[in-house]
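Working notes, structure below.
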Amino acid sequence: MLSVVVPTLNRPEVAAQAVADAFAQLPRDGELVVVDQSDEPGFASLSARVVALGDARVRHVWLRQRGLPNARNVGVQSTSGELLLFLDDDVRLRPGCLAAHIAAYADPAVGGVVGRIFEASVRPNSAALANRVDAGGRVRTRLDGAESGAVATLKGANMSLRRAVFAEIGGFDRNYGGTAFLEDADLSTRARRAGWALRFEADAALDHLSAPTGGVRQADALRTETWRFHNTGYFMRRHRGRRSLAPLLVTFGAIALKRGAEWRDPTAPRTLLTALRQGWQLAKLPPATGWSY
Numbered sequence: 063m064l065s066v067v068v069p070t071l072n073r074p075e076v077a078a079q080a081v082a083d084a085f086a087q088l089p090r091d092g093e094l095v096v097v098d099q100s101d102e103p104g105f106a107s108l109s110a111r112v113v114a115l116g117d118a119r120v121r122h123v124w125l126r127q128r129g130l131p132n133a134r135n136v137g138v139q140s141t142s143g144e145l146l147l148f149l150d151d152d153v154r155l156r157p158g159c160l161a162a163h164i165a166a167y168a169d170p171a172v173g174g175v176v177g178r179i180f181e182a183s184v185r186p187n188s189a190a191l192a193n194r195v196d197a198g199g200r201v202r203t204r205l206d207g208a209e210s211g212a213v214a215t216l217k218g219a220n221m222s223l224r225r226a227v228f229a230e231i232g233g234f235d236r237n238y239g240g241t242a243f244l245e246d247a248d249l250s251t252r253a254r255r256a257g258w259a260l261r262f263e264a265d266a267a268l269d270h271l272s273a274p275t276g277g278v279r280q281a282d283a284l285r286t287e288t289w290r291f292h293n294t295g296y297f298m299r300r301h302r303g304r305r306s307l308a309p310l311l312v313t314f315g316a317i318a319l320k321r322g323a324e325w326r327d328p329t330a331p332r333t334l335l336t337a338l339r340q341g342w343q344l345a346k347l348p349p350a351t352g353w354s355y
């Protein structure tokens with residue numbers, strides 16, 4: 063059985079399209095849960111759209127506590143399928159997306175699948191199939207190719223996992239705050255360490271619209287980059303340890319200086335590097351999965 067989880071925040075129109083696409087491909091024994099953290103007007107609008115579908119397999123859950131990792135965890139705990147598919151709220155599914163995710167699990171070694179993603183605004187920065195965090199903490203990705211294969215990490219816009227993975231390693235870590243950057247890489251890394259294979263499936267395709275507002279969007283570019291620095295510092299110390307500090311500082315020190323020059327803001331490098339340090343220090347504490355079974 064497949065459980066589809068769509069977290070959303072203040073994007074009722076685009077989220078309704080994503081839900082309709084997933085509903086159209088939902089197997090008879092599947093279920094679809096919309097985990098909504100929206101303000102009241104957006105919540106009411108999307109709730110009406112879900113009710114209009116007239117199908118008990120589709121449910122709409124509202125959360126007071128915001129945060130993408132938390133919404134994903136609630137989605138897992140609110141469903142019962144052996145396979146869990148997570149979709150961003152600003153995607154449009156291509157034909158056969160859900161079926162291709164399901165088919166990839168014919169191999170019992172596969173614990174997670176990332177589908178093909180056609181990005182509206184994010185450019186791939188790898189020549190070949192890839193989704194990984196490099197030695198300096200940068201994400202190297204290309205998930206728009208036609209050939210399936212192994213990947214190091216999944217991408218949250220279009221990823222599925224076996225429920226057994228969550229039973230073994232726990233849920234998403236809420237310490238990935240703000241944009242939730244790298245929360246998918248964190249869970250992927252833990253899954254691989256537990257022995258699960260991760261796979262890119264080209265037939266499980268969708269378009270990622272990158273809606274300009276709502277979701278995990280921040281107020282401005284500085285705030286967005288601040289969370290990138292914070293979450294990268296957290297990820298690198300948690301999964302790569304102290305040996306990663308030197309290449310991390312070289313890479314993100316250069317990025318901080320570049321952003322300061324681009325924005326003509328001499329205070330930006332200090333702000334960004336402070337966020338990096340705070341994320342690094344946070345990694346000394348236990349992960350915040352808030353998980354129970």
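Heads up, the sequence shown is in my numbering, so the first residue is 63 and it goes up one at a time. We put the CB at the ideal spot given by N, CA and C, even for glycine.
Under a three-way DSSP split, which group does Ser222 fall into?
Here Ser222 sits in strand by DSSP.
With DSSP run on the structure shown, which of helix, strand or coil describes Arg204?
strand
Residue ranges of each alpha helix (DSSP H) run of no fewer than 4 residues wholly in the region 281-342, ordered along the chain?
The qualifying runs are 283-302 and 307-325.
Evaluate the contact criterion for the region 208-217 versus the region 293-309: three or more CB pairs, one atom per stretch, below 8 Å.
No, the region 208-217 is not in contact with the region 293-309.
Check the DSSP bridge columns for Ile179 and list the partner residues they point to.
Leu268
Does DSSP put Ala253 in a helix, in a strand, or in coil?
In the three-state scheme derived from DSSP, where H, G and I count as helix and E and B as strand, Ala253 is classed as helix.
In terms of residues, what are the limits of the alpha helix (DSSP H) holding Glu102?
Glu102 to Leu115
Using the C-alpha atoms, what's the distance from Ala84 back to Val96?
Taken atom to atom, the span from the alpha-carbon of Val96 to that of Ala84 is near 11 Å.
Rounded C-beta distance between Pro131 and Phe234? I'm assuming under 8 Å.
At roughly 4 Å, the Cβ-Cβ gap stays under 8 Å, so Pro131 and Phe234 are in contact.
Through-space distance from Ala259 to Arg285, alpha-carbon basis
34 Å
Segment limits, alpha helix (DSSP H) that includes Val68:
Looking at the DSSP string, Val68 is not in any alpha helix (DSSP H); the run it does join, the beta strand (DSSP E), is Leu64 to Thr70.
Within the continuous alpha helix (DSSP H) that includes Glu75, where are the two ends?
Unbroken alpha helix (DSSP H) run through Glu75: Pro74 to Gln87.
Proximity of Phe148 and Ala267 at Cβ, strictly below 8 Å:
no
Between which two residues does the alpha helix (DSSP H) containing Leu160 stretch?
Cys159 to Ala166
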